[in-house]
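In order, the protein sequence lines correspond to chains D and H. Just so we're aligned: 247 in numbering that gives the first Met the number 0 is position 248 of the first sequence, and the numbers increase by one with no gaps anywhere. Just so we're aligned: 279 in numbering that gives the first Met the number 0 is position 280 of the second sequence, and the numbers increase by one with no gaps anywhere. All remarks here apply to the structure that follows.
There are 2 protein chains.
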Amino acid sequence: MRQGIRTLVVVGVGLIGGSFALALKRAGFVERVIGVDRSQDNLRRAQELGVVDEISQDLAQAVADADMVLLATPVGQMAACLQAMAPVLSPDTLVSDVGSTKGNVVRILREALPGHLARCVPAHPIAGSELSGAVAAQYGLYENRDVVLTPLPETDPAAVETIGALWRACGAHIAVLDADEHDRVFAAVSHLPHLLAFSYVNLIAGQDNAARCLDFAATGFRDFTRIAGSSPEMWRDVTLANRQALLAELRDYQTELDRLIAEVEREDAAALAERFSRARQVRTVWYQKFLRK
Amino acid sequence: MRQGIRTLVVVGVGLIGGSFALALKRAGFVERVIGVDRSQDNLRRAQELGVVDEISQDLAQAVADADMVLLATPVGQMAACLQAMAPVLSPDTLVSDVGSTKGNVVRILREALPGHLARCVPAHPIAGSELSGAVAAQYGLYENRDVVLTPLPETDPAAVETIGALWRACGAHIAVLDADEHDRVFAAVSHLPHLLAFSYVNLIAGQDNAARCLDFAATGFRDFTRIAGSSPEMWRDVTLANRQALLAELRDYQTELDRLIAEVEREDAAALAERFSRARQVRTVWYQKFLRK
Numbered sequence: 000m001r002q003g004i005r006t007l008v009v010v011g012v013g014l015i016g017g018s019f020a021l022a023l024k025r026a027g028f029v030e031r032v033i034g035v036d037r038s039q040d041n042l043r044r045a046q047e048l049g050v051v052d053e054i055s056q057d058l059a060q061a062v063a064d065a066d067m068v069l070l071a072t073p074v075g076q077m078a079a080c081l082q083a084m085a086p087v088l089s090p091d092t093l094v095s096d097v098g099s100t101k102g103n104v105v106r107i108l109r110e111a112l113p114g115h116l117a118r119c120v121p122a123h124p125i126a127g128s129e130l131s132g133a134v135a136a137q138y139g140l141y142e143n144r145d146v147v148l149t150p151l152p153e154t155d156p157a158a159v160e161t162i163g164a165l166w167r168a169c170g171a172h173i174a175v176l177d178a179d180e181h182d183r184v185f186a187a188v189s190h191l192p193h194l195l196a197f198s199y200v201n202l203i204a205g206q207d208n209a210a211r212c213l214d215f216a217a218t219g220f221r222d223f224t225r226i227a228g229s230s231p232e233m234w235r236d237v238t239l240a241n242r243q244a245l246l247a248e249l250r251d252y253q254t255e256l257d258r259l260i261a262e263v264e265r266e267d268a269a270a271l272a273e274r275f276s277r278a279r280q281v282r283t284v285w286y287q288k289f290l291r292k
Numbered sequence: 000m001r002q003g004i005r006t007l008v009v010v011g012v013g014l015i016g017g018s019f020a021l022a023l024k025r026a027g028f029v030e031r032v033i034g035v036d037r038s039q040d041n042l043r044r045a046q047e048l049g050v051v052d053e054i055s056q057d058l059a060q061a062v063a064d065a066d067m068v069l070l071a072t073p074v075g076q077m078a079a080c081l082q083a084m085a086p087v088l089s090p091d092t093l094v095s096d097v098g099s100t101k102g103n104v105v106r107i108l109r110e111a112l113p114g115h116l117a118r119c120v121p122a123h124p125i126a127g128s129e130l131s132g133a134v135a136a137q138y139g140l141y142e143n144r145d146v147v148l149t150p151l152p153e154t155d156p157a158a159v160e161t162i163g164a165l166w167r168a169c170g171a172h173i174a175v176l177d178a179d180e181h182d183r184v185f186a187a188v189s190h191l192p193h194l195l196a197f198s199y200v201n202l203i204a205g206q207d208n209a210a211r212c213l214d215f216a217a218t219g220f221r222d223f224t225r226i227a228g229s230s231p232e233m234w235r236d237v238t239l240a241n242r243q244a245l246l247a248e249l250r251d252y253q254t255e256l257d258r259l260i261a262e263v264e265r266e267d268a269a270a271l272a273e274r275f276s277r278a279r280q281v282r283t284v285w286y287q288k289f290l291r292k
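Dropping the structure here:
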C-alpha cells in the first residue's frame, strides 16, 4: 500500500462517508476502517454490510490511532466533533470532511484545531442521492465524479496530495479551489437552483388553483422541481452557511427576472427569442460536455 | 368504425400531429390521413414512414373533403391556415389544434371561422419531446397522457364527444377546461418554470466565473435546466400568447423570492426549514401521485 493509509475513522457512516470507505477498501487503499456514529443501529448495519471493520461511539478513543479522520456528519455537528477530537488527535492525523460549503468548515477548523491546520484538507465530493444511512453506501458512488479540495494556506501540500490520491482511488477527479471561490461557484450552480425550486413549489402550492395545477403538472414540472424534494435540514444549513454568496445570486436572479418581465410587458418578441436562444445554446453545449464526462 | 372518422387532414406533420395520425390508424379510428406541410421533404418522409396516406401542399384542396382538420403548426401560422380553409370548409368538418395556449386559439377561431364555431374544439395534448419533424412521430406518444379540451360556448357537445373519443383511442385521458382556466393552470405548471429555467441559465452564463461554474454543474443543474433547452421560437410565442397569466405568475414569484431573501438576511433558520419542508412535502406527494398515473 504505497499511497494508502492504515486506519481511517469515518464519523457519520451514511451514503457519503460509507461509500468513501467501501471504495477505498476495494481499491486496497485502507487497511482498517472504524465507523463512529450517533446511531448504534446504523453502526451495526454498517458493520454487517462490511462498510466498516470496527465501530465505536467514543469519538476521542476512536481517532487516537487514526491516519485519517473523515467528518461526514451534518455540518452542524462538526464543531462539537472537532472539539472532542482535539485533545487526543496525533499530530500526523489527516482531517477532512465532505460538506457542501467550505468557508464555514475552514472557520470551524481554525477555531477547533488551530495547531493542526497543516493536516486539514476540507473537501466536497460532488455526488449524492436522495438516500441516506449506511444501507445507502455503495461502491462506485464517486466513479467519474468531481471532488473539490479547498486547502488552507497553512495546509501541507503533502496532505493535499494524500487526500487527493485517496479520492482518485475512489474513481473521482480532483479539483483544488480556494474555499471562497468554491462557495461562490456552488452558490451559483447548486445552492441557488435549490432555493429557486423550493420557492417555485411553494408558490404553486399556495395558489387558489393549486390542486388543479398539480393535476396537470407533467415531466417539465417533475424535472424542474426534483431538487425541491431535498432534505430541508441540510438546505437550511447550506443556505445559512453560504448566506453572503447566495444573497448575491438571489438578488442577481431578481434583476434577471426584472429584465424578462419588462420584455414580456412590452411584448418584445425579438428580445424574448434572443434571450431564450442564448439560454438554449449555453445549456445544449454544457449538456454535451456533461455527457462526455 | 362506429366512433371513428373517414378522412383526417393533419396540417403540420411533426411529432405531435404525426403521432396523432399514427395512433388513430393503429386503433382503426381513421380511414385516410392527408398530410399538409410547408416542407415537401418532410411530407415525403411522412408518407414513406406511413404516418400519412396522402400528401398535399394545397391546404384548401386537402380540407374540402375532410371529416376533421387537426392544426398542428406553430401557433403563429394558424390564422393564415384557417383563412385559407374558411371558404372551402364543409359545415360538418371538425376543427381542432394542439397548441400549448388556448385563449389565443379561441380568438383566432372566432375571427377566422365565425360561422363554424359549433365544430371547433381547441385541444392541448400534454406530451412532447425535444424531437421534431415527421421522423419523430411515434405510436404511443399519447398513451396515458392528458389531453385538455377547451370548447367554446358555441361548440356542439357532440363535436367535443367525437374529438374526445379520438384522443381516447390514442390512449389519452380527457379533461375539459375553460380556455382561460387552462391558460392560468399552464402558466403556473409549465410556462413559468420554462421562463425561470431560461433566466437561470442566462444569469449563470453572464457571470464572471461562468466557465468555472459550468465546469462544476452536476445532476441538480442538469435536471433544473433541462427545459431551458426548449425551442426559443415556441417559447417566445407561448410567452406572448399567455402574457397576462404569465406576468401574474412572474410577479408572484418575485414576491415569493422577496420573502425568502428576507429570511436569509435575518438568518431565520426556523422559517427557512419550515419553507423547505413545505415544498418537499408538496413535491413528494405530487411525485408519488404522478408515478401512479
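Backbone N, C-alpha and C fix where the C-beta goes; we use that ideal spot for every residue, glycine too. No experiment lies behind these values; they were computed from the predicted model shown.
Take the alpha-carbon of H/L93 and the one of H/L290: they are about 34 Å apart. Secondary structure note for H/R37: it is in no alpha helix (DSSP H), with a DSSP letter that is neither H nor E. Leaving aside the five residues that flank H/R5 on each side, the residues in its chain whose CB is nearer than 6 Å to its CB run, in chain order, E30, D66.
In this chain, the beta strand (DSSP E) harbouring D/I4 covers 4-10. Exposure of D/V284 is indicated by the presence of fewer than 16 other C-beta atoms within 10 angstroms of its C-beta. Going by beta carbons, H/V10 and H/V32 fall outside the 9 Å limit. In the structure shown, H/P124 falls within a strand segment according to DSSP collapsed to helix, strand and coil. An exposed status is given to H/V175, since fewer than 16 other beta-carbon atoms sit within 10 Å of its beta-carbon. D/I125 belongs to the set of residues whose beta carbon lies under 9 Å from a beta carbon in chain H.
H/A269 sits exposed, since fewer than 16 C-beta atoms from the chains shown fall within 10 Å of its C-beta.
Interface flag for D/L245 against chain H is set, since a Cβ pair is found closer than 9 Å. Under the three-state reduction of DSSP, H/V175 is assigned to strand. Closer than 9 Å to the CB of D/C80 there is not a single CB belonging to chain H. At a C-beta separation below 7 Å, D/Y138 has no neighbours in chain H, since its nearest C-beta there lies roughly 19 Å away. Rounded to whole angstroms, the gap between the alpha carbons of D/R211 and H/E180 is 10 Å.
Scanning its chain for C-beta atoms nearer than 6 Å, with the 5 sequence neighbours on each side dropped, one finds around H/G34 the residues V9, V12, L42, A45, V51, I54, in chain order. Among the CB atoms of chain H, one or more fall inside 9 Å of the CB of D/V263. Neighbourhood of H/W166 in chain D, by CB distance below 9 Å: empty, with the nearest CB roughly 15 Å away.
The beta carbons of D/A278 and H/V184 sit no closer together than 9 Å. For H/K288, a Cβ of chain D is located within less than 9 Å of the residue's own Cβ. Bounds of any alpha helix (DSSP H) do not take in D/D66, whose DSSP letter is neither H nor E. Residue pairing of H/S95 in beta bridges, as defined by DSSP: H/L69, H/V120.
Every alpha helix (DSSP H) of 4 residues or more that sits fully in the region 137-190 of chain H is shown, in chain order, as 156-168, 178-185.
Counting C-beta pairs closer than 8 Å gives three or more between the region 73-82 of chain D and the region 216-236 of chain D, which meets the contact rule. Under the Cβ distance rule, H/A171 does not count among the residues neighbouring chain D, no pair being separated by less than 9 Å. The DSSP-derived three-state label of H/V104 is helix.
Residue-level contact check: D/R242 touches chain H, since one or more beta carbons of chain H fall below 9 Å from its beta carbon.
Think of a sphere of 8 Å around the beta carbon of H/F185: the chain D residues whose beta carbon falls inside it are F215, in chain order. C-alpha of D/D155 to C-alpha of D/R118: approximately 6 Å in a straight line.
Closer than 9 Å at the C-beta level to chain H, one finds these residues of the region 190-205 of chain D: L191, P192, H193, L194, L195, A196, F197, S198, Y199, V200, N201, L202, I203, A204, G205. Taken atom to atom, the span from the alpha-carbon of D/A227 to that of H/T254 is near 18 Å. When rounded, the separation of the alpha-carbon atoms in D/D177 and H/E264 is 25 Å. CA-to-CA, the gap between D/A22 and D/L165 works out to about 9 Å. Rounded to the nearest whole angstrom, the C-alpha separation of D/A272 and H/N241 is 15 Å. H/R31 is bridged by DSSP to H/T6.
The CB of D/A227 comes closer than 7 Å to the CB of A278, R279, R282 in chain H, given here in chain order.
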